[in-house]
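Numbering (my numbering), first residue to last: 8 to 107. Following: one structure in structure tokens, then a few remarks.
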């Protein structure tokens, strides 16, 4: 019985290492692209800090939300890298505050 548990644990470890390696390899061919996520389809937390989890965006193409896209395709999709998105978000906030 203990041998079965040990074998299952070893197999689970080996399999999880394989999955982690595959995910890591896939992430190398992807980049964060801001402003292209549809509502509920963002990949993680946003620039504005209103949430920290995937799937919580509420507006299509929100500049603060991002998705992983194939490297080199972000601009083609109409998106921005993090630096440009932060700049646009800051400008939007300043404009909103000046109108109030």
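A virtual CB, placed ideally from N, CA and C, is assigned to each residue, including glycine.
Same chain, Cβ closer than 7 Å to residue i, five either side skipped, listed in chain order
i: residue 106; result: none
i: residue 65; result: 46
Proximity winner among the options, relative to residue i (alpha-carbon distances)
i: residue 84; options: 55, 36 and 41; result: 41
i: residue 35; options: 82, 77 and 73; result: 77
i: residue 70; options: 86, 48 and 56; result: 86
i: residue 48; options: 96, 90, 67 and 95; result: 67
Residues that DSSP places opposite residue i in a beta bridge
i: residue 38; result: 76
First and last residue of the uninterrupted alpha helix (DSSP H) at residue i
i: residue 53; result: Careful: residue 53 lies outside any alpha helix (DSSP H) and carries neither H nor E.
i: residue 98; result: 89 to 106
Same chain, Cβ closer than 8 Å to residue i, neighbours up to 5 away in sequence not counted
i: residue 50; result: 39, 44, 61, 73, 74 and 75
Neighbourhood of residue i by C-beta distance below 6 Å, restricted to the same chain and skipping five residues each side
i: residue 53; result: 71 and 72
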